[in-house]
Amino acid sequence: MWNQVYDPFGNAWLSTLAAAVPVVALLALIASGKVKAHIAAVIALVLAFAVATLLFGMPTGLALRATGFGVVTGLFPIGWIILNVIFLYRLTVEKGWFATLQQSVAGITTDRRLQLLLVAFAFGAFFEGAGGFGTPVAVTGAILIGLGFSPLAASGLSLIANTAPVAYGALGAPIQGLASVTGYDPYVLGAMIGRQLPFFSLLVPFWLIAVFAGFRGMAQIWPAILVCGASFAAAQFLISNYVNPWIVDIGASLVSMGALVAFLKVWHPAVIWTSTALRTHDDSLAYAPPRPASVGAAAVERSASQREILMAWVPWIILSVVVAIWGTGWFKALVNPLFTWRYEIEGLHNLIMKVPPVVAKPHPEAAVFLFTYMSFTGTGVLFAAIISGFIMGFGPIRLIRAYLETIWVLRTSLITIAAMLALGVLTRYAGVDATLGLAFAGTGILYPFFGTLLGWLGVALTGSDTASNVLFGGLQRITSEQLGLSGILMASANSSGGVMGKMIDAQSIVVASTATGYFGQESKILRFVFWHSIVLACLVGGLVMLQAYVPPFTAMVLH
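Each residue of the sequence shown is one higher than the last, beginning at 4 in this note's numbering.
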């Protein structure tokens, strides 16, 4: 049994600096553009291993097992989702169905800004709610690049759009995780988050279009943005507070898509925006495969029949239905008892003790890999891809060859994701991330602001709002109660602040670069989204400060 040590140097500043070395190195290497993402991830993992064993005193055997556990966690379920989403995408491209889908989106609107609202924000929110774990960025990134958007626009804007829905992603998994470590009712936590995020569900669509087309370009379509954002925000608040936290994203996304499509039948922008590049300097078009210049333009001539357009949507409809079924509790309860391999990591399970002040009382850290291979979201995506492949006319041999080709194309991305998760799992078992969390917890009256940024940090480190909530949820409750603040407020703020860290976690960036074919350019994506992530996280922190101290915002806080 090894007890975690959170201040190995007896000096909080030095210990915090040491704990920050791996993540700072990772972000710096990726941002430099001189080191490939998978190399940067491996280097950061080596640094994390050195920090954990040499500075924080973690036994080498425990560190090795935690690293291996992280590698497997990276491949299943995260890498498994990405592999199968891209497999489906490549099948639709090969058969020409994706080109027809592009025309159908252009048939709804030829304006690129409105296409972003429909695909990146509303459609992406549906996949976040149904599957989470990288699915929305993979799907929307692939669709946007297929529509002719520049790789940087498709990657970066998909990441920015996939923020407001994250707290309710994967059928409420982050909230369930938060409830499990705080002891609060998940319905209460979901309702409290539903009194924070709607402000940003309204803001993010405006932000998204302003980043793409500039303030003037955004102002030209403000009525459509308002309809899209306000309908999503209203549904998000109502469902989270009066129904349940599990179906918030699915319900809000369907309401938003329906409202926007209906609005576009009676309203059209005075100026059609046809540019596929970012308004600022965007040299990423050089990385994009050549596409017909007319796709999505105002003068596009529709050659596909209505039946062909309907069939082009069939693979994505199948994917939506299957992923929604795969995420339900009844499906998991049906298949998990039959198709689960439960493996307790020998030499790691219950051999590490998490101790106060991170938790209320000492308790051992479990290390169990639940290989629920049938209920993994990626498995559902694979089934959808196979069904769609047969519908598109692929034979079994060609499907197998296409799958092997997809594995080869994604080989470095899968290495990167595995290394990223290994780093996150290792730092969690070593207590390194808790050291960073304690630094945020020591900010006194400013804790509502910095506690929110703690959630942002957790997602940036782990790539998952669920993991961040499990990691820091207990610390949020303990610290807030010591400071006389609402524990429900700060536990919820951990999740709400965390959504803004989703766009800069290395795992999501790799997913985005993979989905858009922008290989080796992760540094440009990170630099593009980094300051948007920080500013939006600070705005969430500002709202939580108001809810903590300023009437009438304090009246919004549940107890």
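The beta carbon of each residue, even a glycine, is placed where N, CA and C say it ideally should be.
| Check | Outcome |
| --- | --- |
| Burial state of T438, where buried means 16 or more other Cβ atoms lie within 10 Å | buried |
| Residue from G135, A141, G149 with nearest C-alpha to I178 | G135 |
| Alpha-carbon to alpha-carbon, N165 and A433 | 30 Å |
| Min CB distance A167 to chain C below 8 Å | Among the chains in the structure shown there is no chain C, since it carries only a single protein chain. |
| DSSP beta-bridge partners of H1 | Here the chain covers residues 4 to 562 and nothing more, so residue 1 does not appear. |
| Range covered by the alpha helix (DSSP H) that runs through E311 | 309-329 |
| The beta strand (DSSP E) enclosing V371, as first and last residue numbers | 371-374 |
| Of the residues D436, R530, M493, I46, the one placed nearest R198, counting alpha carbons only | M493 |
| Alpha-carbon spacing of K527 relative to A509, whole angstroms | 12 Å |
| For A236 and L205, believed in contact at Cβ under 8 Å, the rounded distance | 4 Å |
| Whole-Å CB distance - H41 paired with I418, under 8 Å assumed | 4 Å |
| Nonlocal neighbours in the same chain, by C-beta distance under 8 Å from W316, ignoring five residues either side | L104, S107 |
| Residue interval of the beta strand (DSSP E) (run including W344) | 344-347 |
| Proximity below 8 Å, CB of G186 to CB of R116 | no |
| Under the three-state DSSP convention, the category P295 falls into | Residue confidence for P295 is low, a pLDDT of 41 falling below 50, so the modelled location carries little weight; the figure read from the coordinates is stated next. Here P295 sits in coil by DSSP. |
| Residue closest to G149, alpha-carbon to alpha-carbon, out of Y190, Y521, L229 | Y521 |
| Pairwise C-alpha distance: I328 and S278 | 37 Å |
| Terminal residues of the alpha helix (DSSP H) in which Y552 lies | 525-552 |
| Environment of H525 [buried if 16+ CB atoms lie within 10 Å] | First, the amino acid is wrong: residue 525 is Glu here, not His. The residue in question, E525, is buried, as its Cβ has 16 or more Cβ neighbours within 10 Å. |
| Alpha-carbon spacing of V45 relative to G254, whole angstroms | 40 Å |
| N- and C-terminal bounds of the alpha helix (DSSP H) containing A437 | 435-444 |
| Buried/exposed call for H535, threshold 16 Cβ in 10 Å | buried |
| N87 (DSSP reduced to helix, strand or coil) | helix |
| Of the residues M503, A157, G13, the one placed nearest L288, counting alpha carbons only | A157 |
| Simplified DSSP assignment, three categories, for W5 | strand |
| Counted within 10 angstroms of its Cβ, other Cβ atoms place G447 as buried (16 or more) or exposed | exposed |
| Cβ neighbour criterion (16 or more within 10 Å) applied to R345 | exposed |
| Backbone secondary structure at V246 - three-state DSSP | coil |
| K268, DSSP secondary structure in three states | coil |
| Validate contact between the stretch 494-502 and the stretch 370-387 using beta carbons, cut 8 Å, 3 pairs | no |
| For S467, three-class secondary structure by DSSP | coil |
| Cβ-Cβ distance between Q223 and V274 below 8 Å | yes |
| Rounded Cβ spacing between T76 and L424 (contact assumed at less than 8 Å) | 5 Å |
| For F240, the nearest candidate out of G466, V191, C541 (CA to CA) | V191 |
| Selection from P62, T465, V88 that minimises the alpha carbon distance to S323 | V88 |
| Inter-residue Cα distance where the pair is G13 and F443 | 17 Å |
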